[in-house]
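Numbering (the working numbering), first residue to last: 746 to 918.
Ideal Cβ positions, reconstructed from N, Cα and C, are used throughout, including at glycine.
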């Protein structure tokens, strides 16, 4: 009995689906000139944005997000550099230290800190207070509070005048 109904469903189902597709199919509208021009304009704008992004990446220094150099010390043991991150964290680096994922300090000399990631190498930028970057002390010490305390007056040049005898309170007599 189940085979009779399944055969009937298979015979009816494809015909009903085909009838529904034929009933709902509408003629496809042909694109007009304005639609084509709008599509071309969108493609041109997309290509221009891609070119702007490539140019911006080419002009960037490649070390955004890395710390800025505050100071460098070089002695017979090697070099060390004090750096500050955008978050205000101050850190001392030496050759071989890892800054971020795959970015390693390659060398520190008296004028620069060379870092690398894979085969790409570049120098860390120096911190600049003029550009609004934080200084080395800003991450370590909070600013001192302003307290308005009056300063004592300097003693006068002449000794105080001898006045009448000191007044003794009545309770002490």
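Q: Would you identify the three-state DSSP class for residue 855, choosing helix, strand or coil?
A: In the structure shown, residue 855 sits in coil (DSSP, three-state: anything other than H, G, I, E or B).
**Q.** Residue nearest to residue 864 in terms of C-alpha spacing, selected from 848, 870, 856, 855
**A.** Ranking 848, 870, 856, 855 by Cα distance to residue 864 puts 848 first.
Q) Would you report the Cα separation of residue 895 and residue 871, rounded to the nearest angstrom? A) Note on geometry: alpha-carbon atoms of residue 895 and residue 871 lie some 42 Å from one another.
Q. Name the DSSP bridge partner or partners of residue 862?
A. In the DSSP output, where bridge partners are listed per residue, residue 862 has 865.
**Q.** residue 898 classed as buried or exposed, judged by whether at least 16 other C-beta atoms fall within 10 angstroms
**A.** With fewer than 16 other Cβ atoms inside 10 Å of its own Cβ, residue 898 counts as exposed.
Q. Which same chain residues, not among the five before or five after residue 876, have their C-beta less than 7 Å away from its C-beta?
A. Any reading at residue 876 needs caution, since the residue's pLDDT is 47, under 50, leaving its predicted position unreliable; the model's value is listed next. Contacts found: none.
Q.
When you compare the CB positions of residue 824 and residue 840, do they come within less than 8 Å of one another, or not?
A. Yes.
Q.
According to DSSP, simplified to helix, strand and coil, what is residue 827?
A. Of the three classes helix, strand and coil, the one that applies to residue 827 here is strand, per DSSP.
(Q) Just verifying my parser: in three-state terms, what is the DSSP assignment at residue 838? (A) Of the three classes helix, strand and coil, the one that applies to residue 838 here is strand, per DSSP.
**Q.** Same chain, Cβ closer than 7 Å to residue 794, neighbours up to 5 away in sequence not counted
**A.** Counting only Cβ-Cβ distances below 7 Å, and skipping sequence neighbours, we find nothing.
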